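To start, the structure under review is shown below, and the notes come after it.
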Amino acid sequence: MEVHGNCPKCKSLKIDFKESINRVLYVVIYAFVLMVIAWIGIRLNGTPVIFLFLGLTGAFLLFIVRLILERRKVIHCTCLDCGTKWLKGPKE
Numbered sequence: 013m014e015v016h017g018n019c020p021k022c023k024s025l026k027i028d029f030k031e032s033i034n035r036v037l038y039v040v041i042y043a044f045v046l047m048v049i050a051w052i053g054i055r056l057n058g059t060p061v062i063f064l065f066l067g068l069t070g071a072f073l074l075f076i077v078r079l080i081l082e083r084r085k086v087i088h089c090t091c092l093d094c095g096t097k098w099l100k101g102p103k104e
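Just so we're aligned, residue 13 is where the sequence shown starts under my numbering, counting upward by one.
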């Protein structure tokens, strides 16, 4: 994600950007997806081939979830001249 801008207070271009993600949300969604896939495998009395396909499906689902959550990052901006701090959302 590329972000450009200037300080709203002093209009300086010297800005420090730090991206932030919701790690708790990542862990909860990952655990939920893996538990559902494991439950499906157990309910099907899975053979190794079924668990292989479930594992590949789970990896794909986790990849999609990660892509969706990456778009919702919050960027913490700090002006290096005056010290003003502000947040930029994903659509700003």
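C-beta atoms are modelled at their ideal positions from N, C-alpha and C, and glycine is treated no differently. Model, not experiment: these values are computed from the prediction.
Please identify the residue among the options whose C-alpha is closest to the C-alpha of residue i.
i: residue 93; options: 30, 24, 20; result: 24
i: residue 91; options: 99, 85, 84; result: 99
i: residue 35; options: 97, 54, 85, 95; result: 85
i: residue 38; options: 95, 74, 89, 96; result: 74
i: residue 48; options: 20, 101, 95, 66; result: 66
With 16 other CB atoms within 10 Å as the buried threshold, where does residue i fall?
i: residue 22; result: exposed
i: residue 70; result: buried
For the beta strand (DSSP E) that contains residue i, what are its first and last residues?
i: residue 99; result: 97 to 100
i: residue 90; result: 86 to 91
i: residue 32; result: 27 to 32
Got a sec, what are the start and stop residues for the alpha helix (DSSP H) residue i sits in?
i: residue 41; result: 35 to 55
i: residue 69; result: 60 to 82
| query | Should the stretch 63 to 80 be regarded as contacting the stretch 24 to 33, the criterion being three or more beta carbon pairs within less than 8 Å? | reply | no
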